[in-house]
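So the structure is just underneath, and the comments pick up after that.
Protein chains: 2
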Amino acid sequence: MPRSLRWQKHKEFAVPFMTNEGEEEMIQIAILGYGTVGSGVAEVFRTNQELIDRRAGVPVRVKYVLDLRDFPGDPVEEVLTHDFQDILQDPEVKVVAEVMGGLKPAYDFTKQCLESGKSVCTSNTELVAAHGPELMRIAQEHHVNYLYEASCGGGIPIIRALNEALTADEIDEISGILNGTTNYILTEMTENGADFEAVLKEAQELGYAERNPEADIEGHDAQRKIAILSSIAFGKTVHYEDVHTEGITKITPVDIAYAKKLKMQIRLLASGYRSEGKYYAIVAPFLVEKKHPLYSVNGVFNAIFVKGNMLGDAMFYGSGAGKLPTASAVAADVIEAVKSEGKTLYSGWGEGKIGLSSLDTLNRRFFVRIPADRAEAAKEVFGEQIRLFDVEEAPDEKGFLTEVLTEKEFEEKASALGDVISRLRVNM
Amino acid sequence: MPRSLRWQKHKEFAVPFMTNEGEEEMIQIAILGYGTVGSGVAEVFRTNQELIDRRAGVPVRVKYVLDLRDFPGDPVEEVLTHDFQDILQDPEVKVVAEVMGGLKPAYDFTKQCLESGKSVCTSNTELVAAHGPELMRIAQEHHVNYLYEASCGGGIPIIRALNEALTADEIDEISGILNGTTNYILTEMTENGADFEAVLKEAQELGYAERNPEADIEGHDAQRKIAILSSIAFGKTVHYEDVHTEGITKITPVDIAYAKKLKMQIRLLASGYRSEGKYYAIVAPFLVEKKHPLYSVNGVFNAIFVKGNMLGDAMFYGSGAGKLPTASAVAADVIEAVKSEGKTLYSGWGEGKIGLSSLDTLNRRFFVRIPADRAEAAKEVFGEQIRLFDVEEAPDEKGFLTEVLTEKEFEEKASALGDVISRLRVNM
Chain A
1 MPRSLRWQKH KEFAVPFMTN EGEEEMIQIA ILGYGTVGSG VAEVFRTNQE
51 LIDRRAGVPV RVKYVLDLRD FPGDPVEEVL THDFQDILQD PEVKVVAEVM
101 GGLKPAYDFT KQCLESGKSV CTSNTELVAA HGPELMRIAQ EHHVNYLYEA
151 SCGGGIPIIR ALNEALTADE IDEISGILNG TTNYILTEMT ENGADFEAVL
201 KEAQELGYAE RNPEADIEGH DAQRKIAILS SIAFGKTVHY EDVHTEGITK
251 ITPVDIAYAK KLKMQIRLLA SGYRSEGKYY AIVAPFLVEK KHPLYSVNGV
301 FNAIFVKGNM LGDAMFYGSG AGKLPTASAV AADVIEAVKS EGKTLYSGWG
351 EGKIGLSSLD TLNRRFFVRI PADRAEAAKE VFGEQIRLFD VEEAPDEKGF
401 LTEVLTEKEF EEKASALGDV ISRLRVNM
Chain B
429 MPRSLRWQKH KEFAVPFMTN EGEEEMIQIA ILGYGTVGSG VAEVFRTNQE
479 LIDRRAGVPV RVKYVLDLRD FPGDPVEEVL THDFQDILQD PEVKVVAEVM
529 GGLKPAYDFT KQCLESGKSV CTSNTELVAA HGPELMRIAQ EHHVNYLYEA
579 SCGGGIPIIR ALNEALTADE IDEISGILNG TTNYILTEMT ENGADFEAVL
629 KEAQELGYAE RNPEADIEGH DAQRKIAILS SIAFGKTVHY EDVHTEGITK
679 ITPVDIAYAK KLKMQIRLLA SGYRSEGKYY AIVAPFLVEK KHPLYSVNGV
729 FNAIFVKGNM LGDAMFYGSG AGKLPTASAV AADVIEAVKS EGKTLYSGWG
779 EGKIGLSSLD TLNRRFFVRI PADRAEAAKE VFGEQIRLFD VEEAPDEKGF
829 LTEVLTEKEF EEKASALGDV ISRLRVNM
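Residue numbers (our numbering), protein chains in the order written: chain A, 1 to 428; chain B, 429 to 856.
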């Protein structure tokens, strides 16, 4: 019994389709990595096999799963290999799901698969942000696809929306809540009044945050994701290291109290903007106004707001992470790769690089905290019209919203005033 | 000067691309109808011509606009025709945007275009709901496409999401706020406390509601849209006439007051559900809980909530109507049709029909209004645990939420109690 048929014992519908010629036609795939996402991908193919076959137009079967570990008793044993060469050398494998994460060995494995004429579908944000254009070029040279829907926003089909649906629009803004861990922390801080460290610890215990949470809480994960999304939206590579990035570690319960009084939410936003031929990108905690669609995105959910010059405002919302939502996106990419065999799909992420402009000229309002005794000075610097207020949690200080200012104007005024306890940008 | 080049005078980038062979390659399109959406489609192609050409991979030019009227001084004059045969007989026209609305003559025109090997892209909800499967079959027989992204949710790319992105998921629920007019009316009633008739009149003055608003306020537009979306999500035709439909004309300021006290929003929801192999669909005003993603969809915006068996919850939000958002969706379909020339794209809407099951067995909570003196009787019928409350606006009555009940159980209890002033379903 061939390997692919043994695997089917564990599935609901085990009858391979027959082509008109009476011959069995089937697409074999491989999964690199049997961690959270990898086991999810196997589960999606097991659970939804019949409809996946129908939508792909041909039966799709998992022939190999690559992992260094053994999984005694798991159905994956039937298709498990420890040797990448088994997959690379097998001409029957047409599509590979790379869900290992990290740059090594994922980069080499991906490149070799593409060069062997296998499409690769991935959830690996780090790899796409670092080597996306090169891997897409290799895919194109070999008439296959490098697809990465799951790399941004987990189960939210934002990359396909940008590449295939919003094609008649010039995108002016793409702003997202792209990291579930930080959104969970900020939501918990808002709902329970707890401080950052306590909520982080709880999130780690619940498995919502990594033991080493830096990539999330310092904004590096969101930075990579907005670089990827901006590259597609704006047509050339936005390098993630160019994106100004601030994390959420300095957010305190006092900030949250002020936000509540303003009827706003503090959210880690990752944004790319296009304005008068210039491009900007930033990751930072923002105060989000109640009327903005991103205001009500809570917990581990993600959402991406898009402004098109014809479409106006749109938003895409869903599970930004998690085993099955991410696996669903990888599996949808596998189906897409199967359907487009022999043809590289259009990607909005074209050749070349976008140099980001300094944030100095970007306009917005700012929220500022100062010592209570600097209220008069604040009015002198920021104008008589500012309305100072306070919260119970910090009786010795005052807060206020500025008028719309450029970042540069704000910084100048803030240093003229001195004594600024903290400031947050406002998303309008 | 050929017609297509004269039209380009009005555009930003007038240089046709050259193919490798040095020959000019170009796709000609026609727009049927120069009303709100039609003029929007022309505007999208004029404004975003360069990027549309890049994304389509070939220059796309508007060769004809069909309308019975004349438009003196409008750039459309250069390409205007009153005779459909000009378009039908012109082999250069590869894609037609049908944005006339209505069944006649749109149905005949669409059929003839498809039979002549022209793809058709439409915003015509009525036609897609009535003849979608037939027109898609004709398109397939002629290796062209019948695309209708703009028919549901205006600029929201929900149809492409269902057909191309959520392909690894069995869809368990699709629920939308699919009609901008009714959502505007309910939002205004909520925010300003005005009554239905007054807000409708205002909406008509602002152009948000038709002079003959029945299709919107009685739910018929949403009924057609949810039939289309359910057909794609569930794989076979859900006939719109089978969808149980209630409009919003009976909603009063008292209902709104109760909703506020419950911290819920009243919204016209259009829903399709799949459960244990059975299918259900309903259009009706619902109370939407605050934690539900559809809760904060206000004004003329639309949103569609999707629950997949792997993906979990997702939501797509944007402008559900309006000239440019709808035109953006039609134009994106035109680009898709150009890119897929010679190949009919996959549609989840397969052959056959889905017989909808009776709503009797569907479970949910209900909100009930009764005369104040029936409070004790209500507890006897619906259980001691119900919590009766009232609102200032209606001192002589009480309201309460039931436990989770099937529709049938609810109806039985409601007639046992008698005297029910009104009831609303709760979306959980």
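Note that the Cβ used here is the ideal one computed from N, Cα and C, for glycine as well.
Could you round the C-beta distance between residue i and residue j to whole angstroms and report it? I think they count as a contact, below 8 Å.
{"i": "residue 143/A", "j": "residue 344/A", "result": "6 Å"}
{"i": "residue 828/B", "j": "residue 806/B", "result": "6 Å"}
{"i": "residue 221/A", "j": "residue 125/A", "result": "7 Å"}
{"i": "residue 186/A", "j": "residue 248/A", "result": "6 Å"}
{"i": "residue 608/B", "j": "residue 728/B", "result": "4 Å"}
{"i": "residue 622/B", "j": "residue 631/B", "result": "Rounded, the Cβ-Cβ distance is 11 Å, inconsistent with contact."}
{"i": "residue 712/B", "j": "residue 674/B", "result": "4 Å"}
{"i": "residue 679/B", "j": "residue 624/B", "result": "6 Å"}
By DSSP, does residue i sit in helix, in strand, or in coil?
{"i": "residue 719/B", "result": "coil"}
{"i": "residue 526/B", "result": "strand"}
{"i": "residue 208/A", "result": "coil"}
{"i": "residue 541/B", "result": "helix"}
{"i": "residue 568/B", "result": "helix"}
{"i": "residue 387/A", "result": "coil"}
{"i": "residue 736/B", "result": "strand"}
{"i": "residue 280/A", "result": "strand"}
{"i": "residue 357/A", "result": "coil"}
{"i": "residue 486/B", "result": "coil"}
{"i": "residue 672/B", "result": "strand"}
{"i": "residue 168/A", "result": "coil"}
{"i": "residue 492/B", "result": "strand"}
{"i": "residue 534/B", "result": "helix"}
{"i": "residue 584/B", "result": "coil"}
{"i": "residue 424/A", "result": "strand"}
{"i": "residue 561/B", "result": "helix"}
{"i": "residue 449/B", "result": "No answer about residue 449/B holds up, because its pLDDT of 48 lies below 50 and its placement is not dependable."}
Mind checking which residues open and close the alpha helix (DSSP H) that includes residue i?
{"i": "residue 41/A", "result": "36–47"}
{"i": "residue 312/A", "result": "Taken as a continuous stretch (DSSP letters only), residue 312/A belongs to no alpha helix (DSSP H), being part of the beta strand (DSSP E) at 312–319."}
{"i": "residue 686/B", "result": "681–689"}
{"i": "residue 84/A", "result": "84–88"}
{"i": "residue 698/B", "result": "It is not in any alpha helix (DSSP H) - residue 698/B instead sits in the beta strand (DSSP E) that spans 692–703."}
{"i": "residue 408/A", "result": "407–417"}
{"i": "residue 401/A", "result": "Segment 397–401 is the beta strand (DSSP E) holding residue 401/A; no alpha helix (DSSP H) there."}
{"i": "residue 578/B", "result": "No alpha helix (DSSP H) contains residue 578/B, which DSSP labels as neither H nor E."}
{"i": "residue 763/B", "result": "751–767"}
{"i": "residue 460/B", "result": "Not the alpha helix (DSSP H): residue 460/B falls in the beta strand (DSSP E), residues 455–460."}
{"i": "residue 809/B", "result": "803–810"}
Less than 7 Å between C-beta atoms, sequence neighbours within five positions excluded: which residues of the same chain meet that for residue i?
{"i": "residue 544/B", "result": "516"}
{"i": "residue 596/B", "result": "738"}
{"i": "residue 397/A", "result": "369, 370, 371, 372, 390 and 421"}
{"i": "residue 754/B", "result": "465, 468, 551, 578, 582 and 583"}
{"i": "residue 22/A", "result": "The pLDDT assigned to residue 22/A is 44, lower than 50, so where the model puts this residue is not dependable; a value taken from the coordinates is nonetheless given after this. Around residue 22/A: no qualifying Cβ."}
{"i": "residue 83/A", "result": "none"}
{"i": "residue 573/B", "result": "547, 567, 765, 768, 772 and 773"}
Which residues in the same chain as residue i place their Cβ atom closer than 6 Å to its Cβ, once the five residues preceding and following it in sequence are excluded?
{"i": "residue 352/A", "result": "236"}
{"i": "residue 423/A", "result": "366 and 368"}
{"i": "residue 770/B", "result": "571"}
{"i": "residue 685/B", "result": "819 and 821"}
{"i": "residue 699/B", "result": "603 and 710"}
{"i": "residue 661/B", "result": "590, 599 and 602"}
Between which two residues does the beta strand (DSSP E) containing residue i stretch?
{"i": "residue 662/B", "result": "No beta strand (DSSP E) contains residue 662/B, which is instead part of the alpha helix (DSSP H) from 648–662."}
{"i": "residue 550/B", "result": "547–550"}
{"i": "residue 71/A", "result": "It is not in any beta strand (DSSP E) - residue 71/A carries neither H nor E in the DSSP assignment."}
{"i": "residue 173/A", "result": "171–177"}
Quick one: what's got a C-beta closer than 8 Å to residue i's C-beta in the same chain, skipping five residues either side?
{"i": "residue 479/B", "result": "none"}
{"i": "residue 253/A", "result": "189, 193, 194, 195 and 393"}
Is there contact between the region 724–736 of chain B and the region 600–619 of chain B, where contact requires at least three CB pairs shorter than 8 Å?
yes
For the pair the region 327–340 of chain A and the region 26–44 of chain A, tell me if three or more CB-CB distances fall below 8 Å.
yes
Can you confirm whether the region 151–166 of chain A touches the region 581–589 of chain B when touching is taken to mean that 3 or more C-beta pairs between the two stretches lie within less than 8 Å?
Yes: the two stretches touch, three or more of their Cβ pairs being nearer than 8 Å.
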